[in-house]
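Input: a single structure, listed below in structure tokens.
Number of protein chains: 2
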Amino acid sequence: MLDSVRRPTLLFDPLFKLNSRSKNGPARATPPDTTLTWRRGASPAARRKEIFRSLGLVLRERGLASLTMQDIADRLGMTKGSLYYYFKDKQDLLYQCHLACMSVSLDALARTKGSRRPPAARLRAVLTQHIRAITDEVYGAVMLTDLESLAPPQRKRYVAMRDRFEKGVRALIREGVRRGEFKPVDARLAGFAILGAINWIPKWYHPGGELSSEAIAESFVDFLVAALEP
Amino acid sequence: MLDSVRRPTLLFDPLFKLNSRSKNGPARATPPDTTLTWRRGASPAARRKEIFRSLGLVLRERGLASLTMQDIADRLGMTKGSLYYYFKDKQDLLYQCHLACMSVSLDALARTKGSRRPPAARLRAVLTQHIRAITDEVYGAVMLTDLESLAPPQRKRYVAMRDRFEKGVRALIREGVRRGEFKPVDARLAGFAILGAINWIPKWYHPGGELSSEAIAESFVDFLVAALEP
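Sequence order for the protein chains is A and B. Take any residue in the first sequence, count from 1 to its spot, add 1060: that is its number in our numbering. Take any residue in the second sequence, count from 1 to its spot, add 1060: that is its number in our numbering.
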């Protein structure tokens, strides 16, 4: 029924891969993923996005520590040399992917500024987009990686963006509480609970499964916003 | 006000430590933590627990990859040699800590078996204990580490325990839905949302802060169970 809700054996639980490896002899290079496109004439922006998706897919099967630029290139059917044209090294790729992921969510937050819609509707829009950024773009898996992998200035910049997003979500919760649309919750704790539930999605979500990204987003947003309602 | 809700700069965001290092010259050994006790005559079980807590505390400041047995021993004010008396190596320590953490939560689940209390009350009890295992015992931080760090048989055993816990939580949700105590939610998605929110706690929780572990558990359980109520 729920193909997209797979047994959580992938992403940081690479049992599946290890099992199939032991059955089939030595590990082989992963074949290019047919859901990834590496077309001639694609724009550099589109190509970067495909590389982020490849990173996300490879991260579902192995931890960051053992992952190589070669794995990411193999998955896309591109050469490692071409990959280095786009990203200086694994750390740079990881960093740019973190920024791209958070930018999508910050854009959603920015779009709610100046809106006259009720806080619940604005919160729903922001959370939906945050979930979609994690599920559609496949690169949600980077959100679970250890920030120690980034260089200190990179980490600082990313953490500042993430803090800005978290503050925006808390501000929407506070506004809802003030207007009586939400229960008088502690906005900080409620924000942590809501964002924690969402940030955990890459641990169990399998892209391309039966349950669409839209369905998951809708179900999660209904569930989490219901917790705020009086 | 909320000292225990710190700016999420610790745990995988070791900016604080890096900043203070750059200000104060080269890094020094972390002084023994006064909240940890390493008393003469303590039982081996008590000592193992203190070591798990030390692992949890050190994990808040640096990623698993760069963490050493020496760091864990230093934090407890014990010698590295004594530490090796209890755990074979870092991987063994990490594995045993994973098992200890999950055992607390599985015990809570087992205690609800055969209970005649309504599903909501049983779910509250299980989730409260799961949160307390994460916050009180300090070793919740291991739950965020990459399972690839474990050897395949270790990972298999841990994942089986975790799956058993997740299934138990989903069964309680389903029972509540069947009895009309809960909304007709998808128990799988609701379970992922609830456990994701909780498993994320080590990302922002600071032990010893002003907001007690009890207060956080109560607030989270109220919030998450409210999302299930009709």
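Note that CB positions come from ideal geometry on N, CA and C, so glycine has one too.
field: Per-residue contacts from B/Ala1286 into chain A (C-beta, under 7 angstroms)
entry: Here the neighbours are Ala1287.
query: Can you tell which of B/Tyr1218, B/Ala1211, B/Cys1161 and B/Ala1201 has its C-alpha closest to the C-alpha of B/His1190?
result: Relative to B/His1190, the option among B/Tyr1218, B/Ala1211, B/Cys1161 and B/Ala1201 whose CA is nearest is B/Cys1161.
message: Strictly under 9 angstroms for the Cβ-Cβ distance: is A/Val1245 near chain B by that measure?
response: Cβ-Cβ to chain B under 9 angstroms: yes for A/Val1245.
task: Using alpha carbons as the reference points, say which of A/Gly1116, A/Asp1282, A/Gly1200 and A/Gly1123 lies closest to B/Lys1243.
output: Checking every option, the nearest Cα to that of B/Lys1243 belongs to A/Asp1282.
field: Supposed close pair A/Leu1187, A/Leu1284 - CB separation, criterion 8 angstroms
entry: Between A/Leu1187 and A/Leu1284 a beta carbon distance of about 7 angstroms is seen, short of the 8 angstroms cut, so the two are scored as contacting.
- request: Would you check if there are 3 or more beta carbon pairs closer than 8 angstroms linking the segment 1140-1153 of chain B to the segment 1230-1241 of chain B?
  value: Judged by Cβ distances under 8 angstroms, the segment 1140-1153 of chain B makes no contact with the segment 1230-1241 of chain B, as fewer than three pairs qualify.
query: Does the beta-carbon of B/Pro1262 have 16 or more other beta-carbons within 10 angstroms, so that it is buried, or is it exposed?
result: Buried, because 16 or more other Cβ atoms sit within 10 Å of the Cβ of B/Pro1262.
- prompt: For A/Val1065, which three-state DSSP category applies?
  reply: Note that A/Val1065 has pLDDT 48, beneath the 50 cutoff, so the model's placement of it is unreliable and no number is given.
query: What residue does the alpha helix (DSSP H) around A/Met1203 start on, and which one ends it?
result: Note, A/Met1203: premise wrong, no alpha helix (DSSP H); not H, not E.
field: Backbone CA spacing between A/Arg1222 and B/Pro1213 [nearest angstrom]
entry: Within the model, the alpha-carbon separation for A/Arg1222 versus B/Pro1213 is close to 36 angstroms.
- prompt: When the Cβ atoms of the segment 1111-1129 of chain B are set against those of the segment 1202-1216 of chain B, are three or more pairs found closer than 8 angstroms?
  reply: Contact between the segment 1111-1129 of chain B and the segment 1202-1216 of chain B is present, because at least three Cβ pairs lie under 8 angstroms.
query: How many Å lie between B/Gly1268 and A/Gly1137 at the Cα?
result: Going by the C-alpha atoms only, they are around 50 angstroms apart.
message: I'd like the list of long-range same chain contacts for B/Ala1211, defined as Cβ closer than 8 angstroms, with 5 residues on each side in sequence excluded.
response: Closer than 8 angstroms at the Cβ level, and outside the excluded window around B/Ala1211, lie Gln1151 and Tyr1155.
task: Whole angstroms is fine: what's the gap from B/Pro1179's alpha carbon to B/Ile1276's?
output: Whole-angstrom Cα-Cα distance: 21 angstroms.
message: Taking 6 angstroms as the limit between beta carbons, can you name the residues of its chain near B/Phe1147, skipping five residues before and five after?
response: Counting only Cβ-Cβ distances below 6 angstroms, and skipping sequence neighbours, we find Leu1153.
Residue closest to A/Val1245, alpha-carbon to alpha-carbon, out of A/Val1202, A/Pro1290 and A/Ser1142: Per the Cα distances, A/Pro1290.
task: Check the Cβ-Cβ distances between B/Ser1272 and every residue of chain A, and say whether any is below 9 angstroms.
output: B/Ser1272 does not count as touching chain A.
message: Residues in the same chain with beta-carbon distance under 6 angstroms from A/Glu1278, minus the five sequence neighbours each way, listed in chain order, please.
response: Correct list: empty, nothing qualifies.
- prompt: Residues of chain B with CB under 9 angstroms from A/Gly1240, in chain order?
  reply: Below the 9 angstroms Cβ cutoff, chain B contributes no neighbours of A/Gly1240, its closest Cβ being approximately 16 angstroms away.
message: Can you tell me whether B/Pro1086 is buried or exposed? The criterion is at least 16 other CB atoms within 10 Å of its CB, across all chains shown.
response: Bear in mind that the predicted position of B/Pro1086 carries a pLDDT of just 35, short of 50, making it unreliable; the figure below should be weighed with that in mind. The residue is exposed, with fewer than 16 neighbouring Cβ atoms inside 10 Å.
task: Could you name the residues of the same chain whose beta carbon sits closer than 8 angstroms to that of A/Phe1280, not counting the 5 residues immediately before and after it, in chain order?
output: Around A/Phe1280, the same chain offers Leu1187, Ile1191, Ala1257, Ile1258 and Ile1261 as residues with beta carbons nearer than 8 angstroms, after the five sequence neighbours per side are excluded.
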